[in-house]
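To keep things clear, I will list the structure first and then write my remarks on it.
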Amino acid sequence: MSLKHLKYCQPEFYKFSEDSLFLANESSKLIKDNFPKNYPIRGLDLCSGCGVVGIETMRQLENVFLFHFLELQGLFQGFFHKNTVFFLNQDERNKVKFYNSDFDSFSSSKLYSNIKYNLIVSNPPYFKKEKNREGADKRRNLCRFFSDSDFTKFLQFIFAFLDKKGIALFLGRDSEIEYDIKTFLEKKSKDFEIIKYKSVGLTSLFMGRFLDK
Ligand SMILES: C[S@@+](CC[C@H](N)C(=O)[O-])C[C@H]1O[C@@H](n2cnc3c(N)ncnc32)[C@H](O)[C@@H]1O
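Residue numbering for the sequence shown follows the working numbering, beginning at -16 and increasing consecutively.
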């Protein structure tokens, strides 16, 4: 399905691109290749915005047990809700939950300390403030740059919430995040890898997973 055929509700200041659909398509293909047919998928769309990545991933899978959406900006919740009503059936809607939180607070809350996901998909803010100019719209800047957090904390969140058998798929620009990934892996035990799986233009799709399953 191409971008112009997908009528997602989204705010004026941020519209998703083909990259989000690429991530959803690749994630669902990888799930089908890596897990048995009826394996219950416990998914998370991290930095979900209006929910396009998780919803489009869900629409291509038959074995979703639950799908959570974690997003810092509360104003996305109304758009997310409309999109679930438009794109998901009642059974699928019963499996989704939107958390309006930044991932650092989510990870330090005792409420969620036992959650593990076997699929984490994410199109995070991967630009660096040091290398790029911020715009006038604060809400849009939060979509492009981490504020009060950083890419290393994003990787730590994935490491903490990913099931040992799971896979995490996230987008990024090599020039912005490769150093963070390298440093993160050097400090971690050797049982976790992050590889560049595919590239489209300037954006790459990275895959994180545990090696010792
Ligand atoms: C590049 S946008 C992607 C949105 C959506 N996934 C898509 O593909 O259209 C990144 C999103 O991350 C959210 N975000 C930024 N910092 C965050 C944080 N610390 N915790 C959770 N979400 C965050 C932003 O508000 C924004 O919606």
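Using N, Cα and C, we set each Cβ at its ideal position, and we do this for glycine too.
Quickly, what does DSSP pair residue i with across the bridge? List them, please.
| i | result |
| --- | --- |
| Y100 | L145 |
| R192 | E176 |
| T186 | R156, V183 |
| K80 | H51 |
| F110 | F128 |
| S105 | L29, F153 |
Between the Cα of residue i and those of the options, spot the shortest distance and give me the residue it belongs to.
| i | options | result |
| --- | --- | --- |
| K114 | V36, F70, R156, F(-4) | R156 |
| K170 | E159, V68, T135 | T135 |
| Q56 | Q(-7), R192, K173, Y180 | Q(-7) |
| I141 | R123, E159, F167 | F167 |
| E54 | Y162, P107, E117, K148 | P107 |
| L29 | Y82, F70, D131, F128 | Y82 |
| I98 | F69, K147, G118, F62 | K147 |
| K(-10) | D195, A143, T67 | T67 |
| I38 | F63, D85, F128, F129 | F63 |
| D85 | D16, S158, S130 | S130 |
| T186 | G32, L4, R192 | L4 |
| N17 | L44, K(-2), F(-1), Y95 | L44 |
| N77 | D120, Y109, L49 | L49 |
| L125 | F59, R42, E1 | F59 |
| F193 | K165, E161, L145 | L145 |
| K65 | D87, M41, S88, C33 | C33 |
| Y109 | K121, D133, E117, S91 | D133 |
| P19 | L6, V47, D2 | V47 |
| T40 | L27, H51, S11, K15 | S11 |
Any heavy atom of ligand 1 closer than 7 Å to the beta-carbon of residue i?
| i | result |
| --- | --- |
| S11 | no |
| C(-8) | no |
| N106 | yes |
| L35 | Leu is not the amino acid found at residue 35; the sequence shown has Val there. Yes, Cβ of V35 sits closer than 7 Å to a heavy atom of ligand 1. |
| L168 | no |
| F59 | yes |
| Q56 | yes |
| F129 | yes |
| G32 | yes |
| D120 | no |
| S182 | no |
| L125 | yes |
| F189 | no |
| K86 | The displayed chain sequence assigns Phe, not Lys, to residue 86. Within the cutoff, so yes. |
| F18 | no |
Please check the pair residue i and residue j, which I expect to be a contact at CB under 8 Å, by giving their CB distance rounded to whole angstroms.
| i | j | result |
| --- | --- | --- |
| F210 | F175 | There is simply no residue 210 to check, as the chain begins at -16 and stops at 196 in what is shown. |
| I150 | L13 | 6 Å |
| F(-4) | R127 | About 11 Å separates the two Cβ atoms, so there is no contact after all. |
| R25 | Y95 | Actually they do not touch by this definition, with Cβ atoms about 13 Å apart. |
| F69 | V35 | In fact, because the Cβ distance is near 12 Å, the residues do not count as touching under 8 Å. |
| K179 | E9 | The pair is not a contact, with the Cβ atoms about 12 Å apart (cut-off 8 Å). |
| A143 | S88 | A143 to S88, Cβ: 13 Å. No contact. |
| E159 | K111 | 5 Å |
Unbroken stretches of the alpha helix (DSSP H), 4 residues or longer, contained in the region 3 to 48: 35 to 41
Would you mind listing the alpha helix (DSSP H) stretches within the region 115 to 161 that are 4+ residues and don't spill past its ends, in chain order? 121 to 127, 134 to 144
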